[in-house]
Amino acid sequence: MKINQKLFLQFGICIIFFGLIGILINNLTINLIRTGLGFNFSWLFKPASFALAEHPLPYTSSDSYAWALFIGWLNSLKVIVSSLILATFLGTLIGFARTGTNSLLGLISAGYITIIRQTPLLLQLMFWYFVGFLGLKDNMFIQIKNILNISNQGIEFSGLTFSSEFLALLFGLSIFTSAYIAEVIRGGILSVSRGQWEAFRSLGISERKGLTLIILPQALPAIIPGLTSQYLNLAKNSTLAIAVGYSDIYAINDTIINQTGRAIECFIILLISFLLLNLLITNTMEIINRLILKSREYS
Amino acid sequence: ATTNQDNSSRLDLIKNRSELICGVSGKIPGFSFLKSDGSYQGLDVDICKAFAAAIIGDSEKIQYRPLTAAERFTAIKTGEIDLLSRNTTFTLSRDSSGGNGLTFAPVVFHDGQGLMVKKESGIKSLKDLANKSICVGSGTTTEQNINDAFESSSLPYTPIKYQDLNQVVAGYLQGRCSAMTSDRSQLAAARSGFKNPKEHIILDDVLSKEPLAPASDGQDQKLADAMRWVVFSLISAEEQGITKSNIDEKVQIAKNNPQLKPLRRFLGIDGGLGEKIGLSNDFVIKVISSTGNYGEIYERHLGKNSEVPIPRGQNELYKKGGVHISPPFN
Amino acid sequence: MEPIVVAKNLTKSYTKGLRALDNVSLTVDKGKVLVVMGPSGSGKSTLIRTFNGLETFDKGEINILGIKVDSTHDERKIQKIRRRVGMVFQQFNLFPHLSILENITLAPIHVQKRRQIEAEEYGMYLLSQMGIDSHAKKYPIQLSGGEQQRVAIARALALKPELLLFDEPTSALDPERINEVLDAMRTLAEQGMTMIVVTHEIGFAKDVSDQVLFMDSGKVVETSPPNIFFSNARHERSRKFLNQLDKH
Amino acid sequence: MEPIVVAKNLTKSYTKGLRALDNVSLTVDKGKVLVVMGPSGSGKSTLIRTFNGLETFDKGEINILGIKVDSTHDERKIQKIRRRVGMVFQQFNLFPHLSILENITLAPIHVQKRRQIEAEEYGMYLLSQMGIDSHAKKYPIQLSGGEQQRVAIARALALKPELLLFDEPTSALDPERINEVLDAMRTLAEQGMTMIVVTHEIGFAKDVSDQVLFMDSGKVVETSPPNIFFSNARHERSRKFLNQLDKH
Amino acid sequence: MLKTYINSTIFFFKQIRKTIFLNLFNTIITLLIILLISVASIHAFKWLIFKANWKVVISNLPLYAFGSFPPDEQWRPATWIISLLLLSIFTLCGPEWRWLRKNLLIVWLGTIPLGLYLLYGGLGLSPIMSRHWGGLTLTILLTVFSSLLSLPLGIVLALCRQSSLPLTQKVSSIYIDVMRAIPLIAVLFFGQLLIPLFLPLGMEIDRVWRAIFAFTLFVSAYIAEDIRGGLQSIPNTQIEAANSLGLNQYQIIQFILIPQALRIALPALTNQSIGLFQNTSLMAILGLVELLGIGRSILANPEFIGQYIEVYVWLACVYWIVCTIMAVLARHLEKRMTINQANF
Ligand SMILES: Nc1ncnc2c1ncn2[C@@H]1O[C@H](COP(=O)(O)OP(=O)(O)OP(=O)(O)O)[C@@H](O)[C@H]1O
Ligand SMILES: Nc1ncnc2c1ncn2[C@@H]1O[C@H](COP(=O)(O)OP(=O)(O)OP(=O)(O)O)[C@@H](O)[C@H]1O
Ligand SMILES: [Mg+2]
Ligand SMILES: [Mg+2]
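Residue numbers (my numbering), protein chains in the order written: chain A, 870 to 1168; chain B, 1097 to 1426; chain C, 5 to 252; chain D, 5 to 252; chain E, -10 to 333.
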């Protein structure tokens, strides 16, 4: 009886679910035919005929849309990886300041966290770009013996150049994410028992050494999962690049939709790229997590 | 433009609904922008009003949808908006059923893509911009044109792409780019808002023809016909000197003088022209008495005394050396 | 006699109005063992933790090994004290991510800057003294409570301290394990180590201590030699407490 | 006499090979109190939980209030049984998000579809019987353990059950609170409630029970009236167990 | 008198010295920070007072608040926002009227039909189309409606993910995982541009509702995970107790599991709605004129070109204030719940 009921229920849900999907797909195909959009990917191999300001690999406007999308994906990856590093660094510093003994620092980092966490990222990005980087007007040009050039074009450092768009996105994302990472770090540090602090203090070990030798290693297992989800958020938030003129995968998708009208196809490509990015991040973090657990033979 | 498969036209839908849903940009000075009182204004907006006056009989029955460049075509294709009056360049691939599948009404503003630079930069022509950054609006024909222009003369450049004109202007003013490119009308409009407009010059190079025209779904012949003739009526009215202020007078004259055949046909007293395109016969009267003729609309938003003065230039009537001309209302 | 610890009029409140320490004064001479007793919440832990700066205090003064600390809680002085005073906690507080030997050599290497080999040699010597040298490579979690507490004692000894503080070192242990630890502490006392021990182990206090200090509500009720305290405590409060202890 | 519970040859294993219930048979007549005793892990909880379908069993048959259940575990029959059998747990298991009165009226309103006013009236009556009617508007967290357990009993009584099951109802309570609950159970027994009680409270078993069932390793070792069981248990195993209990 | 005052001042400075100037490192850091902060605040102050031109904010206040809602009807959204604000204040520090306290949730829920009525009109008020909705009103509307719609959806998803039916469990797991893996802007894009393609011919959903729909799809996946956490932390014995009272499967879910899971998940849920409030700004990229969108539109008015610093600073303040109010409310609720389960 019970098993029958279950089967019946599942069957019902099944029918409703697939029925719904069927109707939607049916509507979609009707609409696509009606609007003459059709569903194909052959346009991917036509020349893109737009230029890109930043391309880690060679790219010209006569390359294909597919290649342009790949370049966009690389651009996304570039900004994600670098802001991930910067955000972790900043977040750790702020997390430490928040838990440390200097109450002024603690107060400031608490203020930092509330301000950053309670204003929309999009606004922050636009602020960083239009006010922060583009605000470096020509008269603010800083030049140090041709090694470091800072201007509203971006930053040039001994041959390496970073555009303002990239930098604004990097700063915006890192600062925004760092506020969240700081809370993750703080949570991790607080998860280590008070006794551990007292034990190293009573051995005469300094605060900074104790933090790095005793507290952090024990806090890591509590920190890693929170960190992973912040990294995923960062990756997803990087699509706001479009607001500051950086050519990430979403922005390039946007341009392509405009030129070709292939909204559905582009949407699918976007989904797949992000599923890939996610897999990349979770797997990397999983490996790191396993390495840490491995180094902790005691557990 | 292709033929309609099912006979229902949006035109009837709009009439039934008694409201026109008009896609605009909402962020282009002189063409469509939000006033402090919350209303939309500009040339593109007045074109919407003309359509509403003609189709519904009331130029205020409009729902404006601010659209980004990216969403405008899908919005038409999915029927979210009835028509688009949003600085859209009339091109082959947009007009064709194999491309974006739209159909365009006559051009309401002849533009050309240009470049604006700071006077002090000493840049005189496209060549001086080699290896420089240029601010562009993304996903627009502008983006493609600038690429074509630089590519054909084999000059390297860096495009900095923004989502809307507003941001392009900001990027340019802040010195992110050595030049900004857009339709020359928009360059002029933007420059008029600058603190020191004189410090910026618009280069003589014209990168492209940019005929801006309202658009609608390519499969809806009926709506397209109506739109086409509404626009022509604006031009034709200017050709005939019919204005908002003298329209009533002109109607009286036409009514009283059966010999003025063309005028009577134009104003819908004879000939039943309006009905042929699914509108009322007196649609011209409604249009002109609500928005005025093309010249008036132009003066209002882009004329010498407006906030964004742009010389009429090509946009004069053909009689005065411009390109606007209306086919006969026969 | 050389006094190792001299505390004068220590007063401290965690929350306003309630005094955890109330005008506490005491002296411990070199080589002596002081046992601190008292009901729960009487301030024993607070007292002993002020001696190596784990707690601040509001009024009074401490002189430990000649270093004077007052309520300003000078970090540098406290750091000096901590290098010369060892502490053993109720909950052991071993570092779970370090091996037993690493636990013990951590402070000598990073605080006293000794060479690793040297520190490890001395560490192994301490472990063998505690009878647990075979566990040197293991991690704390792999040891029984009694063994862990002996590691904690060895860790405190690694800095060659001149004073050892114990805060209820046996109360988290299984009854069978308690004696292992008390025996280790006995040996230390016999070797002449100065110690302050918070404990309720009457046997240990009777055998090993030179003085018993009894606290209640942050105040010192009495300080007596163990033979007097346990047979014939001067104060009513102490006798009541001892009665309760016996019942258990 | 009318039997309320008849269990025949109940057998159950959680893990293969190990039998939590091994061929258990028993009968409880109307108005009688059966006390179940046995060492930890002997299967007492498992047994009592099969009676209202919280556990399935592999072999055998139960007849409760005339409803027969076998190893197929027919949901509908079990639902019927549950409406007529009340259960009180060791950990009270009150619903923390509902007030005391809501805890008690939940089942009458939603299972028996009584009107709210009616259910609340009867709930208040039960609470006053348990001596805790003043707490009706409070939440479980605000009550002491003994009070919470009495609420749990009232909750079980709210459905006017014909059989009450108790699984160590006093073992999570402070010693002072135990009697409050035992007294309430005594009153129930006097009022003629049929009850099966897993408990180690010898006093209660002696006074109140009609039979004591002793289990070990899933088997029924013996079933005797309390006067015999406690003075002169038939089996060696039972005597050994009673000895241990006394030591505590 | 004076002496105790002096004493306490001295003590205060001693305390400061203790925490801020502990050692050389801390002292240097402290001094650096003070220097930085004072330089930054002097600049900010100078800009705020002398350089900034607040006309762009002041003359457009009604736009920021209500979008292009007809001026003589603006009292309607104003009434709604003010009633929300008053209700927040009451929830935070209002008197202890037991009846009202107990029904606070219902009062909060009641603001939704009220808002709809006031905004849409009808029944005596002149009807107003959603295209006129904008500014802060639209932002709040998006937040409130999406949060409330995604709650039941999230609960259903969480229950399905916990269910013993393998198919339901798989489907909802896939939904939740995919939704959580893709960027919000992609979902919103889907809502604005692709949903119409999935609808039958002639059926149209207003774009505001499409945005709400997209937000709901997205947020419900996150809410589902929060609620699942809540469900998992309910001990199994609660279900046993309910079972032994004869409650059936659905009654257990309704009366025992969901109320407890919601209560446990409440802090996480409020965080979600704060995040949602901020994320409504993404609709500016997709063309809605909510708070950020209206800011960008105003910047296109030739009168105000180039004054984006003022606009962004102003918007940041507005967002920050509303978020802070929400956060304070959330913390208050959390505290009440731990102290006393009797309320909410
Ligand atoms: N961190 C703290 N914050 C606030 N009050 C505290 C703190 N630590 C201790 N107290 C209070 O100070 C008083 C003394 O506490 P202390 O821990 O010194 O007592 P104790 O004698 O060690 O008790 P026990 O035998 O339980 O360990 C108690 O009233 C306690 O509640
Ligand atoms: N859910 C379960 N899964 C697996 N084994 C179980 C489970 N519950 C009980 N057991 C096993 O079944 C046996 C009987 O358990 P039961 O809980 O009935 O004993 P008990 O007599 O109630 O013990 P106690 O006095 O400790 O409550 C034990 O060996 C126990 O380990
Ligand atoms: Mg203590
Ligand atoms: Mg049991």
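Ideal Cβ placement from N, Cα and C applies to all residues, glycine included.
Checklist line | Leu338(E), enclosing alpha helix (DSSP H) - first and last residue | finding: Because residue 338(E) is not part of the residues shown, which for chain E are -10 to 333, the question remains open.
Note to self: Checking the sheet assignment: what are the DSSP bridge partners for Asp171(C)?
What the structure shows: DSSP lists Val202(C) as partners of Asp171(C).
Item checked: Span of the beta strand (DSSP E), counted from its first residue to its last, around Lys16(D) -> In the DSSP assignment, Lys16(D) falls within the unbroken beta strand (DSSP E) covering Pro7 to Ser17.
Check: When you check each C-beta in the stretch 255 to 282 of chain E against every C-beta of chain B, which residues fall closer than 9 Å?
Finding: Within the stretch 255 to 282 of chain E, those residues whose Cβ lies closer than 9 Å to any Cβ of chain B are, in chain order, Ile274, Leu275, Gly276, Leu277, Val278 and Gly282.
Note to self: Please identify the residue among Asn247(D), Arg53(D), Ile68(D) and Leu58(D) whose C-alpha is closest to the C-alpha of Val9(D).
What the structure shows: It is Ile68(D) whose Cα lies nearest to the Cα of Val9(D).
Next item on the list: Can you give me, in chain order, the residues of the stretch 97 to 129 of chain D that have a beta carbon less than 7 Å from any beta carbon in chain E?
Entry: Hits within the stretch, in order: Asn97, Phe99, Pro100, His101, Leu110, Ala111, His114 and Val115.
Check: Do you know how far the Cα of Met1212(B) is from the Cα of Ala1286(B)?
Finding: So the two alpha carbons sit approximately 10 Å from each other.
Check: In chain B, what lies closer than 8 Å to Ser1033(A) by C-beta?
Finding: Listed along chain B are Arg1272, each with a C-beta nearer than 8 Å to that of Ser1033(A).
Check: Just to confirm, are Asp1062(B) and Arg1280(B) a CB contact at a threshold of 8 Å?
Finding: Only positions 1097 to 1426 of chain B appear in this structure, which leaves residue 1062(B) out of reach.
Next item on the list: May I ask you to list, following chain order, the residues of the stretch 1164 to 1189 of chain B that have a beta carbon less than 7 Å from some beta carbon of chain A?
Entry: Along the stretch 1164 to 1189 of chain B, going in chain order, the ones with a CB nearer than 7 Å to a CB of chain A are Ala1165, Ala1166, Phe1169, Thr1170 and Lys1173.
Checklist line | Tyr164(E): CB within 7 Å of a non-hydrogen atom of ligand 2 | finding: Not under cutoff, so the answer is no.
Notebook entry, point to check: Are the C-beta atoms of Val1113(A) and some chain E residue less than 8 Å apart?
Noted result: For Val1113(A), the answer is no, since every Cβ of chain E falls outside 8 Å of its Cβ.
Checklist line | Chain-ordered residues, beta carbon under 5 Å from a heavy atom of ligand 1 | finding: This selection yields Tyr18(C), Ala24(C), Ser44(C), Gly45(C), Ser46(C), Gly47(C), Lys48(C), Ser49(C) and Thr50(C).
Item checked: Met1009(A) versus Ser1020(A): straight-line alpha-carbon distance, rounded -> Bear in mind that a pLDDT of 49 at Met1009(A), under 50, signals an unreliable position, so the model cannot answer this.
Check: What in chain C is Cβ-close to Pro1086(A), meaning under 8 Å?
Finding: Residues of chain C with a Cβ closer than 8 Å to the Cβ of Pro1086(A) are, in chain order, His101.
Item checked: Amino acids of chain E, ordered along the chain, whose beta-carbon sits closer than 7 Å to that of Ala1132(A) -> Within 7 Å Cβ-Cβ: Leu182 and Leu183.
Note to self: Considering just the uninterrupted stretch of the alpha helix (DSSP H) at Ser1332(B), what are its terminal residues?
What the structure shows: The continuous alpha helix (DSSP H) containing Ser1332(B) extends over residues Gln1317 to Glu1335.
Check: Straight-line CA distance for Leu275(E) to Phe1425(B)?
Finding: For Leu275(E) and Phe1425(B), the distance between alpha carbons rounds to 41 Å.
Check: If you draw a straight line from the C-alpha of Ser132(C) to the C-alpha of Val185(C), how long is it?
Finding: For Ser132(C) and Val185(C), the distance between alpha carbons rounds to 14 Å.
Notebook entry, point to check: Any beta-carbon of chain E closer than 8 Å to the one on Arg1113(B)?
Noted result: False, the Cβ-Cβ gap to chain E never drops below 8 Å.
Next item on the list: Report the neighbours of Asp1133(B) on chain E: residues whose CB is nearer than 9 Å to its CB, in chain order.
Entry: Result: Pro51, Leu52, Ser57 and Pro60.
Next item on the list: Take Asp1123(A) and list the residues in its own chain whose beta-carbon comes closer than 7 Å to its own, dropping the five residues that flank it on each side.
Entry: Here the set comprises Ile1111.
Check: Between Ala1097(B) and the rest of its own chain, which residues show a CB-CB distance below 8 Å, the 5 nearest in sequence each way excluded?
Finding: At Ala1097(B) the pLDDT is 33, less than 50, meaning the model places this residue with poor confidence and gives no usable figure here.
Check: Alpha carbon to alpha carbon, what distance is there between Lys34(D) and Arg211(D)?
Finding: Before going on, a small fix: residue 211(D) reads as Asp here, not Arg. Asp211(D) and Lys34(D) have their C-alpha atoms roughly 18 Å apart.
Note to self: By the three-class DSSP mapping on this structure, what secondary structure does Cys1273(B) have?
What the structure shows: Collapsing the DSSP output to three states places Cys1273(B) in coil.
Check: Nearest chain A C-beta to Gly188(E) closer than 8 Å, yes or no?
Finding: Per the sequence shown, the amino acid found at residue 188(E) is Leu instead of Gly. By this cut-off, Leu188(E) is an interface position.
Check: Going along chain E in order, which residues have a C-beta closer than 8 Å to the C-beta of Arg87(D)?
Finding: For Arg87(D), the chain E residues whose C-beta falls within less than 8 Å of its own C-beta are Gly235, listed in chain order.
Note to self: Measuring only the C-alpha atoms, how far is Met1154(A) from Ile1172(B)?
What the structure shows: Met1154(A) and Ile1172(B) have their C-alpha atoms spaced approximately 44 Å apart.
Notebook entry, point to check: Using a Cβ-Cβ distance under 8 Å, would Asn232(E) count as near chain D?
Noted result: Chain D, which has a Cβ nearer than 8 Å to the Cβ of Asn232(E), makes this yes.
Next item on the list: Count the other CB atoms, across all protein chains shown, that sit within 10 Å of the CB of Met199(D); report buried if there are 16 or more and exposed otherwise.
Entry: Burial state of Met199(D) is buried, judged by a 10 Å Cβ sphere holding 16 or more other Cβ atoms.
Checklist line | Whole-angstrom distance between Phe58(E) and Leu1139(B), CA atom to CA atom | finding: About 22 Å.
Next item on the list: Could you pull out every residue in the same chain whose Cβ sits closer than 7 Å to the Cβ of Ile2(C), ignoring the five residues on either side in sequence?
Entry: With chain C covering only 5 through 252, there is no way to say anything about residue 2(C).
Checklist line | Whole runs of the beta strand (DSSP E) within the stretch 1014 to 1063 of chain A, excluding any shorter than 3 residues | finding: Here the runs fully enclosed are 1017 to 1020, 1023 to 1026 and 1029 to 1032.
Notebook entry, point to check: Does the Cβ of Gly57(D) lie closer than 7 Å to at least one heavy atom of ligand 2?
Noted result: Taking 7 Å as the cut-off, the C-beta of Gly57(D) does not count as close to any heavy atom of ligand 2.
Next item on the list: Output yes if chain B places a C-beta closer than 8 Å to the C-beta of Met168(E); else output no.
Entry: For Met168(E), the answer is no, since every Cβ of chain B falls outside 8 Å of its Cβ.
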